[in-house]
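Engineer: One structure follows; several queries about it will come next.
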Amino acid sequence: MSRFSRSSPPAGPARPQPLAEVLGRTDAFAALRAGVEQISALERDLAQLLPDYLATSVEPGFIKDGALTLFAAHSALAARLRHLEPRLVAELQQRGWNVRTLAVKVRPKTEARAPRPKEARMTPIGAAALRTLSETLPPSPLTAALARMAARHGAGQSAGDGKKNK
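This is the structure in structure tokens:
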């Protein structure tokens, strides 16, 4: 017999619930929520304290024993953060953070996606016009490029040869 009995009525669509409500149900979720809120507040403070070029490339980690871990996108930014450490620690302490030192680590950001290949298509009339143009121009790299483009888009024949003679 199947785990999913056919005689039981369908449960229906789940009711959307606010995330705060879901995270407040158990102690484990409450601890997770507190950690997420702390990281979010730390991100806001860092965005205000750091120059724009750093704020967009630095992610806060955790605070353990007074050491705040910051993840920089590359080593040059990590070196810059290390130079800013005394000022940044002092400003974070003024904002109420229990931070005595920074631990700066490099964590490269992953590229979003590889660019999609071009999908532009040309109409047969446009390709034929390119072929005709390439035939009327004097020999040059431009003429060769136009001929290749026309051939790639299906104008292997010249504009006047569009129909076969019988």
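Each residue of the sequence shown is one higher than the last, beginning at 1 in UniProt numbering. Where is the CB? At the ideal position from N, CA and C, for every residue including glycine. Since we're looking at a predicted model, the values are computed, not measured.
(1) What three-state label does DSSP hand Gly35 in the structure shown?
(2) Helix, strand or coil: how does DSSP classify residue 168 here?
(3) Among residues of its own chain, excluding the 5 on either side of Gly66, which ones have a beta-carbon nearer than 7 angstroms to its beta-carbon?
(4) Assuming Arg36 contacts Ala78 under a Cβ cut-off of 8 angstroms, what Cβ separation, rounded to an integer in Å, is found between them?
(5) Please report the distance separating the alpha-carbon of Ser158 from that of Thr136.
(6) For a quick check, are the C-beta atoms of Gly127 and His153 less than 8 angstroms apart?
(7) Since Val22 contacts His74 with CB under 8 angstroms, what's their CB separation in whole angstroms?
(8) Can you name the start and end residues of the alpha helix (DSSP H) that Leu81 belongs to?
(9) Where does Leu49 sit, in a helix, a strand or coil, going by DSSP?
(10) Rounded to whole angstroms, what's the CA-CA distance from Glu43 to Arg116? Just pull it up for me.
(11) Pair every Cβ in the stretch 44-56 with every Cβ in the stretch 22-34, then say whether three or more of these pairs are closer than 8 angstroms.
(12) Among all the DSSP beta bridges, which residues are the ones paired with Leu68?
(13) If distances are taken between C-alpha atoms only, which option among Thr69, Asp27 and Arg80 comes closest to Asp52?
(14) Report the residue from Leu146, Leu19, Ala20 and Leu50 whose alpha carbon sits nearest the alpha carbon of Val89.
(15) Who pairs with Val58 in a beta bridge, going by DSSP?
(16) Can you round the beta-carbon distance between Gly61 and Leu70 to whole angstroms, since I take them to be within the 8 angstroms contact cut?
(17) Any idea if Ser134 is buried or exposed, counting beta-carbon neighbours within 10 angstroms, 16 or more meaning buried?
Structural biologist: With the structure as the only source:
(1) helix
(2) Nothing about residue 168 can be read from this structure; the chain reaches only from 1 to 166.
(3) Asn98, Val99, Arg100 and Thr101
(4) With the sequence shown as reference, residue 36 is identified as Val, and Arg is not the correct amino acid for it. With a Cβ gap of about 25 angstroms, Val36 and Ala78 do not count as contacting.
(5) Confidence is the limiting factor: at Ser158 the pLDDT is only 45, short of 50, which leaves the residue's position unreliable, though a coordinate-based value still follows. Approximately 11 angstroms, taken between the alpha carbons.
(6) According to the sequence shown, residue 127 is Ala rather than Gly. In contact: Ala127 and His153 (Cβ atoms closer than 8 angstroms).
(7) About 37 angstroms separates the two Cβ atoms, so there is no contact after all.
(8) Ser75 to Gln94
(9) helix
(10) 32 angstroms
(11) no
(12) Ile63 and Leu102
(13) Arg80
(14) Leu50
(15) Ala72
(16) 6 angstroms
(17) buried
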